[in-house]
Amino acid sequence: MADYLVIVESPAKAKTIERYLGKKYKVKASIGHVRDLPRSQMGIDTENNYEPRYITIRGKGPVLQELKQAAKKAKKIYLAADPDREGEAIAWHLATALNIDIESDCRVVFNEITKDAILESFKHPRPIDLDLVDAQQARRILDRLVGYNISPILWKKVKKGLSAGRVQSIALRLIIEREEEIKNFQPEEYWTIEGEFEKGKKPFSALYYGDGDQKIKLTNEEQVKEVLGSIKGKAFNVTNVVRKERKRNAAPPFTTSSLQQEAARKLNFRAKKTMMLAQQLYEGIDIGKKEGTVGLITYMRTDSTRISDTAKAESVAFIEDTYGKEFVGTDVKPAKKNSNAQDAHEAIRPTSTLRSPDTLKAVLSRDQLRLYRLIWERFIASQMAPAVLDTMTVDLQHENVQFRASGSQVKFAGFMKLYIEGTDDQTEETNKLLPAMEVGDVVNSIQIEPKQHFTQPPPRYSEARLVKTLEELGIGRPSTYAPTLDTIQKRGYVTLETKRFVPSELGEIVHWATLEFFPEILNIEFTAQMERDLDKIEEGDKRWREVIDAFYQDFEKRVQYADAEMEKIVIKDEPAGEDCELCGSPMVFKLGRYGKFMACSNFPECRNTKAIMKQIGVKCPDCEEGQVVERKSKTKRLFYGCDQYPTCEFVSWDKPISRPCPKCSALLVEKKIKKGVQIQCTKCDYEEAPTQ
33 MADYLVIVES PAKAKTIERY LGKKYKVKAS IGHVRDLPRS QMGIDTENNY
83 EPRYITIRGK GPVLQELKQA AKKAKKIYLA ADPDREGEAI AWHLATALNI
133 DIESDCRVVF NEITKDAILE SFKHPRPIDL DLVDAQQARR ILDRLVGYNI
183 SPILWKKVKK GLSAGRVQSI ALRLIIEREE EIKNFQPEEY WTIEGEFEKG
233 KKPFSALYYG DGDQKIKLTN EEQVKEVLGS IKGKAFNVTN VVRKERKRNA
283 APPFTTSSLQ QEAARKLNFR AKKTMMLAQQ LYEGIDIGKK EGTVGLITYM
333 RTDSTRISDT AKAESVAFIE DTYGKEFVGT DVKPAKKNSN AQDAHEAIRP
383 TSTLRSPDTL KAVLSRDQLR LYRLIWERFI ASQMAPAVLD TMTVDLQHEN
433 VQFRASGSQV KFAGFMKLYI EGTDDQTEET NKLLPAMEVG DVVNSIQIEP
483 KQHFTQPPPR YSEARLVKTL EELGIGRPST YAPTLDTIQK RGYVTLETKR
533 FVPSELGEIV HWATLEFFPE ILNIEFTAQM ERDLDKIEEG DKRWREVIDA
583 FYQDFEKRVQ YADAEMEKIV IKDEPAGEDC ELCGSPMVFK LGRYGKFMAC
633 SNFPECRNTK AIMKQIGVKC PDCEEGQVVE RKSKTKRLFY GCDQYPTCEF
683 VSWDKPISRP CPKCSALLVE KKIKKGVQIQ CTKCDYEEAP TQ
């Protein structure tokens with residue numbers, strides 16, 4: 033019989049930890065929460081100081097009974113749920129259910145599942161931190177009050193199955209406001225003049241800058257003609273040369289949100305997938321007989337960039353041994369701390385630097401390996417020396433016309449030898465070399481070409497950009513982003529098109545109805561302040577019931593007003609302009625969870641439905657009779673095909689455009705590349721400059 037009982041959340045963790053602790057310890061899993069608010073009702077007594085009513089979660093009765101039986105036989109019980117608010121609350125619920133004294137040293141926390149970390153953590157048990165418990169409880173109650181009050185009104189006034197929440201409503205607002213910006217955007221014309229120059233038979237490019245005294249923005253063709261008309265001959269004088277040495281520092285190791293952003297950029301992972309894989313790497317992977325199952329990364333829900341002295345020392349030794357002393361970062365500074373960051377634990381890093389991704393190829397799945405490599409490389413790079421770039425800026429003058437050329441070269445790679453942080457925008461060019469030039473030199477122009485451009489609307493939000501924006505605004509917390517993005521898609525409020533969020537008609541209806549009657553829920557500053565107040569509960573500076581009461585007093589009045597005054601929104605079926613091929617009744621457009629679709633008006637007698645095919649204004653290049661339409665694969669990936677399918681089987685992953693290739697008259701398509709979108713020919717080598 034084991035002397036000690038240890039309760040963790042996950043069965044995967046339980047086996048590993050039991051092996052580390054030895055025969056005197058029995059480790060069992062609660063499989064997450066065992067108690068929660070009831071799903072069928074509010075579960076909060078607003079008349080009795082917001083007292084929550086917790087019940088055993090359906091299906092968890094046998095688990096709880098098994099834990100009670102094991103607890104009776106143990107001399108001592110340790111609660112070892114995850115090291116965050118949620119984990120502290122799980123420990124508190126378990127202590128309540130198992131009659132454990134919460135002031136006793138029953139709580140054990142660890143940031144990684146390795147033998148040393150586990151054994152060390154059991155040397156320092158502590159009481160349950162009620163401030164952490166109250167912080168989680170306050171968030172849970174606040175979200176319940178918002179969701180269970182607004183959602184029934186939306187069900188009654190709009191449509192069944194709808195919901196509203198603190199973080200999801202702000203996320204939806206951001207997406208809809210961006211869509212409004214795009215619709216209202218008025219493009220402005222502007223021009224650039226690019227010159228190809230030559231110095232000592234070495235070509236380089238430069239852009240028109242101005243008249244020598246000031247930078248001039250070219251807004252129309254007349255200005256361009258005036259500039260070109262003032263260039264007489266090919267000779268340009270070098271009037272200024274600026275050489276600088278610039279240091280570029282490595283990005284800090286990952287937090288939860290930065291991991292989600294980078295995995296989206298570099299691996300094309302959705303936030304939900306990133307967190308699922310990170311959980312697997314944290315809980316443990318069997319890496320062979322010698323070590324068995326071991327956690328490969330530290331805890332993945334964190335907003336801290338701090339690392340332990342032990343991890344730093346190990347990484348320094350690895351860098352010195354692998355790359356040399358000069359690559360060790362001697363003055364690595366922690367990233368600027370987010371004002372909302374809870375610095376309770378470390379950044380996301382490998383539990384051992386020595387476990388390089390290449391040594392784990394045989395034991396990790398493809399996606400596990402890709403995410404582990406990202407985490408490992410980011411961490412090692414964060415401890416490496418800055419990169420050193422030599423930059424050079426040259427001004428070229430002809431009469432009153434000035435061109436400017438810029439170039440940079442990597443003088444010392446530093447961290448860039450291993451890893452460069454991704455970006456949502458076009459990345460800067462390095463190693464764009466300029467020939468040696470000095471003031472007074474003369475260079476010749478080979479070609480000077482004007483180009484017309486139009487300003488572009490702001491891009492729609494990608495998952496990475498939306499997560500970054502929510503974090504910058506102080507909305508939500510790292511653990512909430514993935515489920516929030518998942519919820520607004522499952523509800524049908526938004527769809528993902530070419531990896532960008534597009535609001536649905538249903539999403540806009542819910543947004544405007546919520547905004548009219550619950551403006552504070554959609555007020556960014558109000559929501560951010562609420563997050564700060566909730567954090568103060570964790571710090572012991574505020575009491576949770578007071579925070580909830582300050583919000584609910586006004587909110588309750590708004591709920592009553594909305595229930596009485598919000599008009600019922602009837603989403604009418606629009607005629608589709610065609611008849612049902614099964615029964616001959618008119619087809620209509622209906623609004624469902626995943627957007628509009630066509631259905632027979634004779635429902636429920638006839639249940640015929642059809643997807644709406646969106647034409648893109650391009651004739652099918654194969655049959656020349658049909659129209660190219662947008663379609664979606666079984667995995668929801670967008671592609672393009674002929675509307676005469678299956679008679680015509682034309683398909684393309686890239687979006688066709690209406691004009692033919694000027695070189696061979698074949699089909700042109702828009703190809704997604706790292707620098708944006710590039711128009712390419714499907715048959716010859718013709719391609720155009722990429723646009724964002």
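Just so it is clear: in the sequence shown, position 77 is 109 by my numbering, and no numbers are missing. Every residue gets a Cβ at the ideal spot worked out from N, C-alpha and C, and that includes glycine.
The count of Cβ pairs closer than 8 Å, one atom from the region 269 to 280 and one from the region 417 to 428, reaches three, so the stretches are in contact.
Here the C-alpha atom of Lys642 lies approximately 12 Å from the C-alpha atom of Leu614. One thing to note: Trp223 has its Cβ within 9 Å of the Cβ of Gln255.
Inclusion of Ala296 and Gly361 in the CB contact set at 9 Å is not warranted, their separation being larger than that value.
Scanning the region 196 to 234 from its first residue to its last, the whole alpha helix (DSSP H) runs of 4-plus residues come out as 198 to 216.
By the Cβ-count criterion, Glu211 is buried, with 16 or more other Cβ atoms from all chains shown falling within 10 Å of its own Cβ. In terms of Cα proximity to Glu662, the closest of Glu656, Ser290, Ala631, Gly673 is Gly673. The DSSP-derived three-state label of Lys92 is coil.
About 5 Å separates the Cβ atoms of Leu111 and Cys138, confirming a contact at the 8 Å cut-off. With a cut-off of 8 Å on Cβ pairs, the region 50 to 57 is not in contact with the region 75 to 82, counting fewer than three such pairs. Spanning the alpha carbons of Ile207 and Thr501 requires a straight line of approximately 11 Å. Arg67 and Leu450 have their C-alpha atoms roughly 46 Å apart. Taking the CA atoms as reference points, Pro489 sits about 20 Å from Ala203.
One thing to note: Gly508 has its Cβ no nearer than 9 Å to the Cβ of Arg51. The DSSP-derived three-state label of Leu250 is strand. Between Glu540 and Leu517, the C-beta spacing is not below 9 Å. Secondary structure of Leu328 (DSSP, three-state): coil. Contact between Asp335 and Pro510 holds, with the beta-carbon distance rounding to 5 Å and staying under 8 Å.
Our two residues, Leu130 and Met308, have alpha carbons roughly 30 Å apart in a direct line. Contact between Val620 and Pro607 holds: CB atoms are separated by about 6 Å, below the 8 Å threshold. For the set Arg71, Leu239, Phe154, Ser195, the Cα lying nearest the Cα of Ser477 is the one of Leu239.
Shown here, Asp35 sits in coil according to DSSP, grouped into three states, outside any helix or strand.
For Arg402, the uninterrupted alpha helix (DSSP H) segment begins and ends at 398 to 414. Take the alpha-carbon of Phe268 and the one of Ala721: they are about 27 Å apart.
Relative to Leu151, the option among Arg158, Asp161, Val140 whose CA is nearest is Val140. Bridge partners of Asp611 according to DSSP: Pro618. Annotated as proximal: Ser62 and Val95, with beta-carbon spacing under 9 Å. Annotation: the continuous alpha helix (DSSP H) that includes Ile182 extends over 162 to 189.
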